[in-house]
Amino acid sequence: MQEHYDPAAIERAAQDYWGQSAAFAAEETADKPKYYCLSMFPYPSGRLHMGHVRNYTIGDVLARFMRMQGRNVMQPMGWDAFGLPAENAAMQNGVPPAKWTRDNIAYMKRQLQSLGLAIDWRREVATCDPAYYRWNQWLFLRMLETGIAYRRTGVVNWDPVDQTVLANEQVIDGRGWRTGALIEKREIPMYYLNITRYAQELLDSLADLSGWPERVRLMQANWIGRSEGTEISFAYAPELVQLMGGAGALKVFTTRADTLFGATFVAIAAEHPIATAAAAGNARIAEFVAECKRGSVMEADLALQEKKGIGTGLHVLHPFTAKPIEVWIANYVLMGYGEGAVMGVPAHDERDFEFATRSGIAIKTVVKSATGAYETVSAPWQDAYGQYGITVNSGEFSGLEFKAAVDAIAAALAARGIGAKRVQFRLRDWGISRQRYWGCPIPLIHCAACGDVPVPDAQLPVLLPENLVPDGSGNPLGKTPSFYECTCPKCGAAARRETDTMDTFVDSSWYFLRYASFDNTQAMVDARARYWMPVDQYIGGIEHAILHLLYSRFWTKVMRDLKLPSVSEPFSNLLTQGMVLNHIYSRHPADGRRQFFDPAQVTSSGPEGSRRHTAPLPTGELVEVRYDGLGTMSKSRNNGVDPQSLVERFGADTVRLFVMFTAPPEQTLEWSDEGVLGASRFIRRLWTAVHEHVRAGVVAKLDVAVLDDGQKALRRTAHHTLAKVTDDIGRRRTFNTAIAAVMELLNALGRTTDTAPQGRAVRHEAFRIVAICLSPIVPHVCHALWQALGAKEALIDAPWPAPDAQAVVQDEIEISVQVNGKMRARVGVAASADEATVRRIVLADERVQRFVGTALPRKLIYVPGKLVNIVV
RNA sequence: GCCCGAGUGGCGGAAUUGGUAGACGCAGCGGACUCAAAAUCCGCCGCCCUUAAAAGCGUGUCGGUUCGACUCCGACCUCGGGCACCA
């Protein structure tokens with residue numbers, strides 16, 4: 069018997085047992101209900117960070133819990149292995165991304181294994197393996213056939229110095245991160261996936277995802293952004309007819325057709341054809357259009373920039389009054405949304421109002437509030453009235469409520485063929501072309517004679533050469549003739565292979581299906597996916613709430629519609645974990661770059677509020693540093709905590725216990741070295757307590773009929789704890805409170821000194837409950853304790869017990885008593901007492917008397933079994 | 001700027017459906033054990049007034065609903081996540 073807690077030996081023994089018995093190899097079987105437990109696969113960045121540990125521990129707790137609850141559990145793991153960091157690492161140290169990535173995978177896999185995760189490693193996938201990404205290519209070709217995938221131009225960040233496309237992340241304050249050059253927008257041909265075809269379904273089926281957090285569903289719904297509005301055509305005025313070379317109309321989309329008579333300008337995007345035409349003959353306009361094309365493509369940047377515009381001197385005609393309305397080019401109109409043009413109604417739209425007041429554009433009120441409070445809105449203008457109301461100054465459409473006005477105006481427009489009601493989505497089609505090396509090649513060939521020719525299925529996969537090293541200027545595939553030189557599959561002439569690769573979101577949009585069909589070399593997915601899908605529990609960071617989850621939902625539906633073994637919704641239940649934070653310390657020497665310091669190296673002293681912090685430089689010299697608050701752990705801030713060294717020092721169980729105890733899973737988790745010590749202390753205390761109990765010898769058979777009050781009380785606590793932990797893990801997913809409950813039970817066990825045979829029998833049962841309850845969280849130590857407690861079977865195969873309902877029954881309960889809503893006393897009553905009895909006991913209580921006095925209670929609220937509130 | 005969250009003791013957090021605010025842990029303080037230290041064990045631990053008891057105050061701010069609000073509603077402040085090429 070080990071008297072001393074030795075995590076390394078205990079964890080090795082438990083992991084050896086699970087490995088030798090192939091405990092986590094999942095097979096399709098009809099015997100038990102399946103449970104597909106999936107954590108978002110990691111990007112192989114080099115080393116595991118605390119966010120990974122948190123993510124995978126949550127998944128492991130649920131997988132182990134469900135297994136004990138009798139489910140056939142599958143928990144797989146893989147690698148999101150394509151992406152930008154590998155190219156950056158390659159540029160830094162000259163190692164090809166493939167080698168860097170595969171080395172990282174090997175190292176991180178060992179780290180994951182040391183955490184004791186119940187993973188079926190046979191199913192491991194890496195998205196950079198041709199055996200995986202060939203199916204990206206294969207499905208892309210199917211999407212081309214059905215028109216889901218198509219080619220058109222798109223806007224990218226262009227670094228004019230490096231002559232290369234930059235990711236948004238590589239644009240800092242509008243400049244290229246390596247060159248410092250001002251970034252330009254550039255239009256290039258790209259492939260798109262028609263996700264908007266699925267917009268309505270993606271929105272509608274959010275209602276079915278009851279296992280998803282409400283906030284994620286809300287975010288997705290807002291992202292899809294369905295709006296019902298009216299499309300309106302403004303006919304060109306003569307000078308515009310001339311400029312555009314013929315009669316025509318400028319289309320706008322608006323959700324406020326009721327304000328049409330208040331339109332005093334029309335604003336178009338800088339990329340709009342009319343803007344291009346206007347710029348051709350006017351230097352000032354050309355300069356403004358060019359200015360709009362500078363800067364990054366990020367929406368956050370666009371939204372923050374000052375709203376600017378320029379009048380074109382060109383006009384369109386109001387559909388009802390035929391009055392000319394000037395066309396403006398504005399930097400806040402997005403070409404990608406609606407028609408790339410909006411009507412400007414300054415009186416009733418905040419943004420139009422701001423723009424109009426600055427540009428000297430007329431403001432015309434056409435809506436008043438129902439009460440007339442805004443009827444007199446006029447110069448000097450204060451703000452826009454953006455609410456719904458009654459139309460005024462709108463010709464035959466005056467005097468109507470919002471909906472009636474919209475209906476009437478839309479009907480009148482439709483009758484003349486110059487407008488109609490229409491649904492517009494904010495969601496845009498998904499551009500998947502990336503001008504980068506380390507990704508899945510897009511399987512297309514450009515032939516001078518035949519155009520864009522898909523690579524025939526038989527020639528898949530298009531292999532990505534693995535020995536290239538990017539240098540920061542352009543895509544190395546474009547400089548590798550052995551890759552891009554090919555022949556046209558149609559005509560056999562010399563042709564050029566597409567050198568763009570796919571967005572890595574493609575790779576992660578279906579990996580959960582591949583785990584179920586991991587070894588199939590003939591098909592992307594097979595019937596086993598029907599068995600395992602949908603994922604019963606998906607766990608990952610809240611930062612993926614929109615993009616990854618939306619793309620995965622879309623991709624899954626596309627596969628369904630291609631009649632592949634898929635489902636309509638990939639993830640039945642979703643748990644979005646919070647980020648892991650740590651303190652940030654830095655200093656900014658006058659003569660150099662800002663330096664960050666490892667919080668573990670910082671010493672703090674001095675009084676609250678004016679603490680001073682010092683940390684050593686690499687030279688050993690101590691310098692004063694500044695505290696910058698909490699932030700996500702990251703390499704650049706030097707505030708990461710290495711899970712590996714903690715596992716080596718305290719054991720995986722301590723690390724797992726700490727991350728599960730310190731905060732509920734959906735909240736951010738603040739790192740604390742002391743907290744880790746606390747977790748370690750608890751496990752040692754548990755180890756000692758069980759072994760002291762076991763050392764005292766044989767335990768009598770429990771006979772619940774003969775227990776005394778103290779024994780009954782301990783047994784009640786034990787079964788109450790079991791019920792709470794079952795609910796906290798199984799339903800609430802509040803692992804922190806489950807652990808707290810077990811800590812309380814262990815505290816209660818520590819307070820008892822009952823050495824009578826039945827006293828020890830109750831303790832024995834309680835210790836078994838402790839081991840069961842903690843086993844999903846700290847599986848190694850519980851595996852050992854279970855054996856110490858004399859069990860024949862391994863804990864991993866023990867069923868999760870149901871609490872004994874008899875054990876938790878209480879004879880006397882406590883009623884809280886309030887007087888006028890303030891807590892004044894607690895009284896004990898029999899659990900069976902009726903309201904009249906409770907009333908009598910409460911009113912007779914001396915403390916209650918003191919506050920009620922001689923006053924007659926006006927009202928008495930009774931919450932059975934809980935509370936009485938006396939109103940006097 | 002837009003969308004979505006969060007804010008409770010010295011600190012992390014608990015309070016599950018509107019019904020005992022501060023469970024559990026960390027830090028701290030006091031004690032036991034020890035030659036001593038570490039480890040371990042026991043006790044105290046929101047603020048204020050106080051010898052004590054009792055009262056009063058207290059869940060970011062301001063207001064509202066209710067017999068009763070950390071919880072619901074309105075406005076605001078601060079922090080965090082996302083904004084389509086980081087993953």
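The first sequence begins at 69 in my numbering and counts up by one. Backbone N, C-alpha and C define an ideal beta-carbon position, used for all residues, glycine too. Just so we're clear, the structure is a prediction, and the values are computed from it rather than from any experiment.
Tell whether a beta-carbon distance below 7 angstroms holds between Arg502 and Asp575. As a position in the first sequence, residue 502 is number 434, starting the count at 1. As a position in the first sequence, residue 575 is number 507, starting the count at 1. It is not a contact, given that the beta carbons lie outside the stated cut-off.
Would you identify the three-state DSSP class for Arg80, choosing helix, strand or coil? The residue labelled residue 80 in the question sits at position 12 within the first sequence. Reduced to three states, the DSSP call for Arg80 is helix.
With three or more beta-carbon pairs closer than 8 angstroms as the criterion, would you say the region 342–359 touches the region 310–326? yes
Determine the closest residue to Ile751 out of Tyr599, Pro732, Ser843, Ala834, with distance taken between C-alpha atoms. Working through the first sequence from its first residue, we reach residue 751 at position 683. Closest by alpha carbon: Ser843.
Through-space distance from Lys253 to Gly244, alpha-carbon basis: Looking up residue 244 in the first sequence gives position 176. Looking up residue 253 in the first sequence gives position 185. Their Cα atoms are separated by approximately 12 angstroms.
Residue interval of the beta strand (DSSP E) (run including Gln886): Residue 886 sits at position 818 when you count from the first residue of the first sequence. Run containing Gln886: 880–887, per the beta strand (DSSP E) assignment.
How many angstroms separate the CA atom of Thr322 from the CA atom of Gly507? Your numbering for residue 322 matches position 254 in the first sequence. Your numbering for residue 507 matches position 439 in the first sequence. If I take the Cα positions, the gap works out to 40 angstroms.
Buried/exposed call for Ala554, threshold 16 Cβ in 10 Å: Counting from 1 along the first sequence, the entry for residue 554 is found at position 486. For clarity, residue 554 is Cys in the given sequence; the question names Ala instead. Note on Cys554: 16 or more other CB atoms within 10 angstroms of its CB, so buried under the neighbour-count rule.
Nearest-angstrom Cα separation, counted from Asp795 out to Asp629: What you label residue 629 is simply residue 561 of the first sequence in a count that begins at 1. What you label residue 795 is simply residue 727 of the first sequence in a count that begins at 1. Their backbone Cα atoms lie some 38 angstroms apart in a straight line.
Using DSSP bridges, identify the partner residues of Ala409. Counted from its first residue, the first sequence places residue 409 at position 341. Ala409 pairs with Ile336.
Tell me Thr555's beta-bridge partners as DSSP assigns them. Taking the first sequence and counting its residues from 1, one reaches residue 555 at position 487. Ala562.
Quick one, are the C-beta atoms of Val876 and His788 less than 7 angstroms apart? Numbered from its first residue, the first sequence carries residue 876 at position 808. Numbered from its first residue, the first sequence carries residue 788 at position 720. It is a contact, given that the beta carbons lie within the stated cut-off.
In three-state terms, what does DSSP make of Cys515? Here residue 515 corresponds to residue number 447 of the first sequence, with the count starting at 1. If DSSP states are grouped into helix, strand and coil, Cys515 belongs with the strands.
Considering only the alpha carbon of each residue, which of Asn161, Phe92, Ala154 lies closest to Gln143? The count along the first sequence starts at 1 and reaches residue 143 at position 75. When each option's Cα is compared against that of Gln143, the closest is Phe92.
Can you have a look at Ile17 and say buried or exposed, based on whether 16 or more other CB atoms are within 10 angstroms of its CB? What the structure shows of the chain is the stretch from 69 to 940, and residue 17 is not part of that stretch, so it cannot be assessed.
Of all the alpha helix (DSSP H) runs that stay within the bounds of the region 211–282, which reach a length of 4 or more residues? 267–272
So, is Met134 buried or exposed, given that buried needs 16 or more other C-beta atoms within 10 angstroms? Residue mapping note: residue 134 aligns to position 66 of the first sequence, counting from 1. Buried, because 16 or more other Cβ atoms sit within 10 Å of the Cβ of Met134.
Taking the Cβ atom as the reference point for each residue, do Gln288 and Trp868 lie within a distance shorter than 7 angstroms? As a working mapping, residue 288 is identified with position 220 in the first sequence. As a working mapping, residue 868 is identified with position 800 in the first sequence. No, the pair does not count as a contact, with Cβ atoms beyond the cut-off.
What's the call for Tyr583, buried or exposed, on a 16-neighbour Cβ count within 10 Å? Taking the first residue of the first sequence as position 1, residue 583 is located at position 515. Under this definition Tyr583 is a buried residue.
Taking the Cβ atom as the reference point for each residue, do Leu725 and Ala757 lie within a distance shorter than 7 angstroms? Within the first sequence, the letter at position 657 stands for residue 725. Within the first sequence, the letter at position 689 stands for residue 757. Going by C-beta atoms, Leu725 is not nearer than 7 angstroms to Ala757.
Have a look at the DSSP bridge pairing and note the partners of Leu643. The residue you call residue 643 lines up with position 575 of the first sequence. Answer is Ile607, bridged to Leu643.
How big is the Cα-Cα spacing for Ile263 and Val626? As a position in the first sequence, residue 263 is number 195, starting the count at 1. As a position in the first sequence, residue 626 is number 558, starting the count at 1. Rounded to the nearest angstrom, the two C-alpha atoms are 9 angstroms apart.
Endpoints, the beta strand (DSSP E) within which Tyr304 is located: Here residue 304 refers to the residue found at position 236 of the first sequence. Here the beta strand (DSSP E) through Tyr304 covers 294–304.
Three-state class that DSSP yields for Ala53 in the structure shown: Any question about residue 53 goes unanswered here, given that the chain covers just 69 to 940.
Range of the contiguous alpha helix (DSSP H) that encloses Pro711: Within the first sequence, the letter at position 643 stands for residue 711. Element bounds for Pro711: 711–718.
Under DSSP, the alpha helix (DSSP H) around Met159 begins and ends at which residues? Counted from its first residue, the first sequence places residue 159 at position 91. Element bounds for Met159: 152–161.
CA-to-CA distance, Tyr400 to Ala371, given in whole angstroms: Taking the first residue of the first sequence as position 1, residue 371 is located at position 303. Taking the first residue of the first sequence as position 1, residue 400 is located at position 332. Approximately 7 angstroms, taken between the alpha carbons.
According to DSSP, is Leu737 helix, strand or coil? Here residue 737 corresponds to residue number 669 of the first sequence, with the count starting at 1. The answer is strand: DSSP assigns Leu737 an E or B state.
Three or more C-beta pairs below 8 angstroms linking the region 170–185 and the region 229–246: no
For a minimum of 3 consecutive residues, which ranges assigned as the beta strand (DSSP E) are wholly contained in the region 838–924? Runs of the beta strand (DSSP E) inside the region 838–924: 880–887, 890–898.
Quick check on the burial criterion: 16 or more other C-beta atoms within 10 angstroms. Buried or exposed for Val603? Indexing the first sequence from 1 puts residue 603 at position 535. It counts as buried.
Determine, using beta-carbon pairs with one atom in the region 204–220 and one in the region 140–156, whether at least three such pairs fall under 8 angstroms. no
Nearest-angstrom Cβ-Cβ length linking Val887 and Phe835, presumed shorter than 8 angstroms: Position 819 of the first sequence, counted from the start, is the residue given in the question as residue 887. Position 767 of the first sequence, counted from the start, is the residue given in the question as residue 835. Val887 to Phe835, Cβ: 44 angstroms. No contact.
Can we say the region 693–710 touches the region 654–670, given the rule of at least three CB pairs closer than 8 angstroms? yes
Is there at least one non-hydrogen atom of the ligand FMN closer than 6 angstroms to the beta-carbon of Val229? This structure lacks the ligand FMN; in fact it carries no ligand of any kind.
Tell me where the beta strand (DSSP E) around Ala683 begins and ends. Taking the first residue of the first sequence as 1, we reach residue 683 at position 615. First-last of the beta strand (DSSP E) with Ala683: 680–684.
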